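Asks: Here's a structure for you.
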Amino acid sequence: MDAEQLIRAAIVVTAALLAAVVAGWLARFVVRRLGRRRYQHFFDNLSRSCRWPFRVLLAVVALVIALPFSTLTGSAREMVHHGLVIALIGASAWLAVRVLFVLEDAAFRRLPMDVADNRRMRRARTRIGILRRLTAVVVTLLAIAAILMTFAPLRTLGASLLASAGLAGVVAALAAQSTLAHIFAGLQLAFTDELHIDDVVVVEGEWGRIEELRLTYVVVRLWDERRLVLPTTYFTTTPFQHWTRNESRVLGAAVLHLDHRMPVGPLRAEAERVVAASPHWDRRDWVLQVVDTTETTMVVRVLASAPDAQHAYDLRCEIREKLIEYVREHHPEGLPRTRVALTPPAPADGQ
Numbered sequence: 001m002d003a004e005q006l007i008r009a010a011i012v013v014t015a016a017l018l019a020a021v022v023a024g025w026l027a028r029f030v031v032r033r034l035g036r037r038r039y040q041h042f043f044d045n046l047s048r049s050c051r052w053p054f055r056v057l058l059a060v061v062a063l064v065i066a067l068p069f070s071t072l073t074g075s076a077r078e079m080v081h082h083g084l085v086i087a088l089i090g091a092s093a094w095l096a097v098r099v100l101f102v103l104e105d106a107a108f109r110r111l112p113m114d115v116a117d118n119r120r121m122r123r124a125r126t127r128i129g130i131l132r133r134l135t136a137v138v139v140t141l142l143a144i145a146a147i148l149m150t151f152a153p154l155r156t157l158g159a160s161l162l163a164s165a166g167l168a169g170v171v172a173a174l175a176a177q178s179t180l181a182h183i184f185a186g187l188q189l190a191f192t193d194e195l196h197i198d199d200v201v202v203v204e205g206e207w208g209r210i211e212e213l214r215l216t217y218v219v220v221r222l223w224d225e226r227r228l229v230l231p232t233t234y235f236t237t238t239p240f241q242h243w244t245r246n247e248s249r250v251l252g253a254a255v256l257h258l259d260h261r262m263p264v265g266p267l268r269a270e271a272e273r274v275v276a277a278s279p280h281w282d283r284r285d286w287v288l289q290v291v292d293t294t295e296t297t298m299v300v301r302v303l304a305s306a307p308d309a310q311h312a313y314d315l316r317c318e319i320r321e322k323l324i325e326y327v328r329e330h331h332p333e334g335l336p337r338t339r340v341a342l343t344p345p346a347p348a349d350g351q
């Protein structure tokens, strides 16, 4: 290739890249104009997340269009064209995955979690997240398959191996049996309403909320900000407590051990006042009952409803604290105590 051909090729490449830059600038201008209206956050997020994959895609498309106008011929042209096709497939898959993330974020904005009864939002968020991840995996696999199919030896090899595809599939399924089990368990959890994002569960003796629900594992945020990571198959094979399966509302129980001399009537009146004044009570149900008795104490339980598990925990603590304070100040005889009876020894013979 002489100097004139090199100069022509450089001019073609430069013109193609400039055209890609202009097209990207126009697209960004249009997106910004659209973002000033109703869907501003969506278009801003789209522009921010898809900026680089879109730029790469425009550059590759421009080079593919400009290739016939270059001076490349023969094997060099075929090699450059093959490389551009691979880059085009990769950039398209990259852009598609980024668009999926933007659509997921837009859907999440329309499904707020900071509402009293957010079960429908939690279910929708869980399914959307699983679908986005599954679609991203499928897009990536299709892109890899398309790139491999651009090589002629691999296409020939694929045709020759078609007869043994059944055996290869069996071997691959056996090798990936554990991974496939986790994936199918994740899909089962998401689409059978067994588990959702932000559900309250008790697993391995720990109370927490579902923070992430992936295809192969689940992250539980525990009450002390620790994270418990469990495989998805755990929730399909092991019993666990699910506090928000049908609704977020739960009953909180505060248990007190008091002396038998404690009058129940005044205690019930004080419990009613405490529950009614609490911001954690949902104004629906409450009750105070003597549920058991022992040799030294009677067991008093206060049940009160709350909109969710977190409010129920705070409500239980508040009831327990204020009732103990009430008993200590107004009825100290009701505090638990141990009684000992002293019997004098029997008199000795002759005394």
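Going by UniProt numbering, the residue at position 25 of the sequence shown is 25; the numbering climbs one at a time, nothing skipped. Every residue gets a Cβ at the ideal spot worked out from N, C-alpha and C, and that includes glycine. These numbers were taken from a predicted model, which means no experiment stands behind them.
State the Cα-Cα distance for the pair Val61 and Asp199, rounded to the nearest angstrom.
Replies: Val61 and Asp199: Cα-Cα distance of roughly 46 Å.
Asks: Going along the chain, which residues of its own chain have a beta-carbon closer than 6 Å to the beta-carbon of Leu63, five neighbours each way excluded?
Replies: Only Ala16 and Leu84 meet the Cβ criterion.
Asks: In the DSSP assignment, the alpha helix (DSSP H) including Gly74 goes from what residue to what residue?
Replies: Gly74 -> alpha helix (DSSP H) spans Gly74 to Arg109.
Asks: Between the C-alpha atoms of Ala145 and Arg123, what's the straight-line distance to the nearest angstrom?
Replies: Cα-Cα distance, rounded: 33 Å.
Asks: Can you find the residues in the same chain that come closer than 6 Å, C-beta to C-beta, to Ala190, ignoring five residues on each side of it along the sequence?
Replies: If we look at Ala190 and ignore the five residues flanking it on each side, its Cβ neighbours are Thr126, Arg127 and Ile130.
Asks: Cutting at 7 Å between CB atoms, please list the residues of its own chain near Ser248, excluding the five before and the five after it.
Replies: If we look at Ser248 and ignore the five residues flanking it on each side, its Cβ neighbours are Asp117, Asn118, Arg119, Pro307 and Asp308.
Asks: Using a Cβ-Cβ cut-off of 7 Å (strictly less than) and excluding sequence neighbours within five positions of Arg337, which residues of its own chain qualify?
Replies: Answer for Arg337: Asp259, listed in chain order.
Asks: Measure from the alpha carbon of Leu142 to the alpha carbon of each residue in Thr179, Phe108 and Ala91, then state which is nearest.
Replies: Ranking Thr179, Phe108 and Ala91 by Cα distance to Leu142 puts Ala91 first.
Asks: Using the three-state DSSP reduction, which class does Ile197 fall into: helix, strand or coil?
Replies: Correct three-state label for Ile197: coil.
Asks: Quick check on DSSP: helix, strand or coil for Glu247?
Replies: Glu247 falls in the coil class under three-state DSSP.
Asks: Nearest to Val340 by CA position, among Thr296, Ile319 and Glu333, is which residue?
Replies: Per the Cα distances, Thr296.
Asks: If you measure between the beta carbons of Val264 and Val299, is that distance less than 8 Å?
Replies: It is not a contact, given that the beta carbons lie outside the stated cut-off.
Asks: Going by DSSP, which residues form a beta bridge with Ile210?
Replies: Its beta-bridge partners are Val220.
Asks: Less than 8 Å between the C-beta atoms of Gly252 and Leu215, yes or no?
Replies: Not closer than 8 Å, so no.
Asks: Thr140 and Leu93 - do their beta-carbons sit closer together than 8 Å?
Replies: The sequence as given places Ala at residue 93; Leu does not occur at that position. Yes.
Asks: Of the choices Val229, Asp292 and Cys50, whose alpha-carbon is the least far from that of His257?
Replies: For the residues Val229, Asp292 and Cys50, the minimum Cα distance to His257 belongs to Asp292.
Asks: Can you check which of these residues, Leu288, Ala76 and Phe235, is closest to Leu316 by C-alpha distance?
Replies: Here residue 316 is Arg; the residue named in the question, Leu, does not match the sequence. When each option's Cα is compared against that of Arg316, the closest is Leu288.
Asks: In chain order, what residues of the same chain lie with their CB nearer than 6 Å to the CB of Arg320, ignoring the 5 residues before and after it?
Replies: Closer than 6 Å at the Cβ level, and outside the excluded window around Arg320, lie Ala254.
Asks: DSSP on residue 352, reduced to helix/strand/coil?
Replies: It is not possible to answer for residue 352, since the shown part of the chain is limited to 1 through 351.
Asks: Tell me the residue span of the beta strand (DSSP E) that contains Val60.
Replies: Taken as a continuous stretch (DSSP letters only), Val60 belongs to no beta strand (DSSP E), being part of the alpha helix (DSSP H) at Arg51 to Ala66.
Asks: Just the Cα atoms here: how many angstroms apart are Leu67 and Val137?
Replies: Approximately 32 Å, taken between the alpha carbons.
Asks: Decide if the region 266–286 is in contact with the region 223–237; the criterion is three or more beta carbon pairs, one per stretch, under 8 Å apart.
Replies: At 8 Å Cβ cutoff, the stretches do not touch.
Asks: Near Ala165, what residues of its chain come up, given a Cβ to Cβ distance below 8 Å and the 5 sequence neighbours on each side ignored?
Replies: Only weak support exists for where Ala165 lies, its pLDDT of 46 falling under 50; the value from the coordinates is given anyway. Excluding positions up to five away in sequence, the list is empty.
Asks: Which residue comes first and which comes last in the beta strand (DSSP E) that contains Ala341?
Replies: Careful: Ala341 lies outside any beta strand (DSSP E) and carries neither H nor E.
Asks: Apart from the five residues on each side of it in sequence, which residues of its chain come closer than 8 Å, Cβ to Cβ, to Thr179?
Replies: Excluding residues within five positions, the ones whose Cβ falls inside 8 Å are Thr216.
Asks: In terms of residues, what are the limits of the beta strand (DSSP E) holding Leu303?
Replies: Met298 to Ala306 is the span of the beta strand (DSSP E), which, as asked, contains Leu303.
Asks: Report the rounded CA-to-CA distance for Ala27 versus Thr73, giving the unit in angstroms.
Replies: Straight-line Cα distance between these residues: approximately 33 Å.
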